[in-house]
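This report concerns only the one structure given below.
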Amino acid sequence: MKEIIIATKNRGKMKDFEGLFATLNIKVTSLLDLPEEIEDIEETGTTFEENAAIKAEAICEKFGIPVIADDSGLEVDALNGEPGVYSARYAGEQKDDQANLQKVLSRLEGVPDSKRTARFVCVLAVANPGELTIFKRGECEGKIGHKPAGDNGFGYDPIFYPIESDRTMAEMAPAEKNKISHRRKALDQLVNWVREQ
Numbered sequence: 000m001k002e003i004i005i006a007t008k009n010r011g012k013m014k015d016f017e018g019l020f021a022t023l024n025i026k027v028t029s030l031l032d033l034p035e036e037i038e039d040i041e042e043t044g045t046t047f048e049e050n051a052a053i054k055a056e057a058i059c060e061k062f063g064i065p066v067i068a069d070d071s072g073l074e075v076d077a078l079n080g081e082p083g084v085y086s087a088r089y090a091g092e093q094k095d096d097q098a099n100l101q102k103v104l105s106r107l108e109g110v111p112d113s114k115r116t117a118r119f120v121c122v123l124a125v126a127n128p129g130e131l132t133i134f135k136r137g138e139c140e141g142k143i144g145h146k147p148a149g150d151n152g153f154g155y156d157p158i159f160y161p162i163e164s165d166r167t168m169a170e171m172a173p174a175e176k177n178k179i180s181h182r183r184k185a186l187d188q189l190v191n192w193v194r195e196q
């Protein structure tokens, strides 16, 4: 593997991938760096694995080189695993972080701390031409607070307290969050897999 496309238009995510693959001498390209505009691929799956695979396989087919796509979100046990694959658009199609986390908080109103368990999940799908897609999954366990706290991070970070932390993900410095995050755990598995190839 000499070159790999990361199926994202998110510069923040790209920094994570670039840092990881630099040590492996693999060139990474984002969707923003490709010669042609890639239309948003509709994620019609019901699991993180299905959605990640849909993106990775479509782009791999188009360019004929390995592609990594991720799908991630928040699962809240008291909400039967919601928002899950709908994390980005939980409160509507406009993908409003504030509205999404407020919806989670309002649905958890009156739920005691002991029942506010949740986890961030990140699934990476690696599509390689002519091969079966492989998956790497990372999870960060924690619980949902009662009100937002912190200005770092994005999405549900201001209401998510990782296990054994009295601060939300949004109250942590980026380097601190990256050590324990669901994406970091999935990426570590991915790097181990790449090294074994």
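Using numbering that gives the first Met the number 0, read the sequence shown as starting at 0 and increasing by one per residue.
Virtual Cβ for every residue (Gly too), placed ideally from N, Cα, C.
Is it right to say residue i is buried, meaning 16 or more other beta carbons lie within 10 angstroms of its own, or is it exposed?
{"i": "R118", "result": "buried"}
{"i": "L123", "result": "buried"}
{"i": "N191", "result": "exposed"}
{"i": "K54", "result": "buried"}
{"i": "K142", "result": "buried"}
{"i": "D165", "result": "exposed"}
{"i": "L31", "result": "exposed"}
{"i": "D22", "result": "In the sequence under discussion, the amino acid at residue 22 is Thr, which differs from the Asp named in the question. It is exposed - the Cβ of T22 has fewer than 16 other Cβ atoms within 10 Å."}
{"i": "S105", "result": "exposed"}
{"i": "T46", "result": "exposed"}
{"i": "T43", "result": "exposed"}
Taking only the alpha-carbon atoms, compute the straight-line gap between residue i and residue j and give it to the nearest angstrom.
{"i": "P161", "j": "G152", "result": "13 Å"}
{"i": "Q101", "j": "R136", "result": "27 Å"}
{"i": "K14", "j": "N79", "result": "33 Å"}
{"i": "F62", "j": "R10", "result": "21 Å"}
{"i": "E49", "j": "V84", "result": "10 Å"}
{"i": "V125", "j": "I67", "result": "5 Å"}
{"i": "G154", "j": "I5", "result": "21 Å"}
{"i": "H181", "j": "S71", "result": "8 Å"}
{"i": "A51", "j": "D112", "result": "32 Å"}
{"i": "V193", "j": "R183", "result": "15 Å"}
{"i": "L107", "j": "P147", "result": "13 Å"}
{"i": "P34", "j": "N99", "result": "34 Å"}
{"i": "F198", "j": "D69", "result": "For residue 198 there is no data in the structure shown, the boundaries of the chain being 0 and 196."}
{"i": "E195", "j": "H145", "result": "43 Å"}
{"i": "Q93", "j": "L189", "result": "31 Å"}
{"i": "I58", "j": "S29", "result": "11 Å"}
{"i": "D95", "j": "D150", "result": "16 Å"}
{"i": "M171", "j": "I179", "result": "11 Å"}
Just grab the DSSP bridge partners of residue i for me.
{"i": "F119", "result": "L73 and C139"}
{"i": "T28", "result": "I4"}
Do the CB positions of residue i and residue j come within less than 8 Å of each other?
{"i": "R115", "j": "A77", "result": "yes"}
{"i": "L73", "j": "P65", "result": "no"}
{"i": "C121", "j": "A185", "result": "yes"}
{"i": "I25", "j": "E2", "result": "yes"}
{"i": "A169", "j": "D156", "result": "yes"}
{"i": "V103", "j": "I158", "result": "yes"}
>> Can you confirm whether the stretch 120 to 134 touches the stretch 157 to 176 when touching is taken to mean that 3 or more C-beta pairs between the two stretches lie within less than 8 Å?
In response: With a cut-off of 8 Å, the stretch 120 to 134 and the stretch 157 to 176 do not count as touching, because too few Cβ pairs lie within range.
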